[in-house]
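Trainee:
Residue numbers (full-length UniProt numbering): 1 to 414.
(1) Here's a check: name, in chain order, each residue in its chain whose Cβ is nearer than 7 Å to the Cβ of residue 320, leaving out the five neighbours to either side.
(2) Mapping DSSP to helix, strand and coil, what is residue 36?
(3) First and last residue of the beta strand (DSSP E) that includes residue 52?
(4) Determine, using beta-carbon pairs with one atom in the segment 238 to 245 and one in the segment 395 to 406, whether at least three such pairs fall under 8 Å.
(5) Beta-carbon within less than 7 Å of residue 359's beta-carbon, same chain only, minus the 5 sequence neighbours each way: which residues are those?
(6) Let me know the secondary structure DSSP gives residue 240 once reduced to three states.
(7) Residue 390 to residue 274, Cα distance in whole Å?
(8) If you draw a straight line from the alpha carbon of residue 459 to that of residue 165, how long is it in whole angstroms?
(9) I'd like to confirm the pairing. Which residues does DSSP put opposite residue 382 in its beta bridges?
(10) Based on the DSSP secondary-structure assignment, which residues constitute the bridge partners of residue 350?
(11) Rounding to the nearest angstrom, what Cα-Cα distance links residue 74 and residue 24 in this structure?
(12) Rounded to whole angstroms, what's the CA-CA distance from residue 128 to residue 173? Just pull it up for me.
(13) How long is the line joining the alpha carbons of residue 372 and residue 163, rounded to whole angstroms?
(14) According to DSSP, what are the bridge partners of residue 68?
(15) Can you check the segment 107 to 156 for any alpha helix (DSSP H) of at least 4 residues that lies completely inside it and give the ranges in chain order?
(16) Which of the three DSSP states is assigned to residue 214 in this structure?
(17) Just how far apart, CA to CA, sit residue 19 and residue 204?
(18) Is the beta carbon of residue 28 sitting closer than 9 Å to the one on residue 380?
(19) Is residue 248 close to chain B, meaning its C-beta is less than 9 Å from at least one C-beta of that chain?
(20) Give me the Cα-Cα distance between residue 199 and residue 193, rounded to the nearest whole angstrom.
(21) Taking the C-alpha atoms as reference points, what is the distance between residue 365 and residue 343?
(22) Got a sec, what are the start and stop residues for the alpha helix (DSSP H) residue 278 sits in?
(23) Could you tell me the alpha carbon to alpha carbon distance between residue 290 and residue 40, rounded to whole angstroms?
(24) Could you check whether residue 323 and residue 276 sit closer than 9 Å to each other, using their CB atoms as the reference points?
(25) My guess is that residue 148 and residue 186 are in contact by the Cβ rule of under 8 Å, so how many angstroms apart are they, rounded?
(26) Am I right that residue 120 and residue 406 are in contact with their C-beta atoms under 8 Å? What's the rounded C-beta distance?
(27) At the level of alpha carbons, what is the spacing between residue 413 and residue 383?
(28) Is DSSP giving residue 295 helix, strand or coil here?
(29) For the beta strand (DSSP E) that contains residue 408, what are its first and last residues?
(30) For residue 337 and residue 167, which I take to be in contact (beta-carbon distance under 8 Å), what is that distance rounded to the nearest angstrom?
(31) In terms of residue numbering, what span does the alpha helix (DSSP H) encompassing residue 205 cover?
(32) Beta strand (DSSP E) containing residue 302: first to last residue?
(33) For residue 229, which three-state DSSP category applies?
(34) Let me know if residue 63 comes out buried or exposed under the rule of 16 or more other beta-carbons within 10 Å of its beta-carbon.
(35) Pull up the distance between the alpha-carbon of residue 271 and that of residue 160, whole angstroms please.
(36) Just list the residues that DSSP pairs residue 329 with in beta bridges.
See the structure below:
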């Protein structure tokens, strides 16, 4: 009965055919079919975009569905959305560029550029510890008001006086928001011009490469940003029936006590807390705050283009890219924040390559099924973004996984 609900009833009542716009190389028609099926099967209730770069060439740039469910405005080629934690991949490119220019090394201690950071046992924290979520500051104890969250200097002082939950480098625990604040200060203190992360990215990477990507939204771009919606309870049930691995994920997430790192991370700042009934990232005021962990705003084409340039040696040299070929944290570990072990390194999440198990793919997921998949062996970049948030992400998000399967099926047939 439950399978009938998930596989027959749901597509029948919630599936819809939408016009798919954009460009696709005919060799990748499997992907267009998979993208359309995500709407037909009710897996995409709003809108989405997908871009694929293969061997240095853009072979797919598709989009469809609804940009704003309050007026049924359609998703178009200028539509952008919040990419949530996939923003961390963008911030990590900024660090890679500073490494490439010999301003810092991944194994440098943070205090080399930020001496005040070395308080309360943080003096041996390296830049790689920060990028691998091993810094021991997955949340801040002090309540972060909107005014403080918009003040880089005040945030830096709070971080400087924070005590790590564990000795830096000892273990890893996801730094959902603090990642962006710490990386911002590292970039600002390393950059000879002392620019903040979002300004450094705009000046050194985005503008020179004609990329429509922002960290924090500009007022003139607001009308291009898609309205976000949360999944309903029925969607969560449906997703769980289709992907049973979500059961332990939900168990891990919802059974943790109030004082646990993941709960504290989600509660502070309260004005960024996502619930089924509260979506702060539809508020222009919240979107305007640059945070290199969560407020990246773009579409799939521009996100894919950025990482196609990155792996092609157009942003950093091959010397630096050679340091980003495999995770730096590969041993099995109980993740201290999410409790879900993940390979990490250089600011990215990693997994075993589906084609060659001796190699790795990397990227970064974002809340609600935002996806970035980078396969160096195949010179492949896949980006998938949606404003209809899902109850899972990455390997547990069915519409995103259907796209990846179709991409590799297409590659295997070329």
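Every residue, glycine too, gets a C-beta built ideally from N, C-alpha and C. Only a predicted model underlies this, so the values are computations on that prediction, with no experimental measurement involved.
Mentor: In terms of the structure at hand:
(1) 96, 99 and 100
(2) helix
(3) 47 to 54
(4) yes
(5) 353 and 377
(6) helix
(7) 13 Å
(8) The question about residue 459 has no answer, for the chain in this structure spans 1 to 414.
(9) 52 and 373
(10) 343 and 362
(11) 20 Å
(12) 14 Å
(13) 32 Å
(14) 73
(15) 127 to 131 and 146 to 149
(16) strand
(17) 37 Å
(18) no
(19) Absence of chain B from the displayed structure is noted, only one protein chain being present.
(20) 10 Å
(21) 13 Å
(22) Note, residue 278: premise wrong, no alpha helix (DSSP H); not H, not E.
(23) 36 Å
(24) no
(25) Not quite, the Cβ-Cβ distance comes to about 19 Å (not below 8 Å), so this is no contact.
(26) About 49 Å separates the two Cβ atoms, so there is no contact after all.
(27) 21 Å
(28) strand
(29) Note, residue 408: premise wrong, no beta strand (DSSP E); alpha helix (DSSP H) at 398 to 412.
(30) Between residue 167 and residue 337 the Cβ distance is about 16 Å, and since that is not below 8 Å, they are no contact.
(31) Here residue 205 belongs to no alpha helix (DSSP H), and DSSP marks it neither H nor E.
(32) Taken as a continuous stretch (DSSP letters only), residue 302 belongs to no beta strand (DSSP E), being part of the alpha helix (DSSP H) at 300 to 311.
(33) strand
(34) buried
(35) 23 Å
(36) 344
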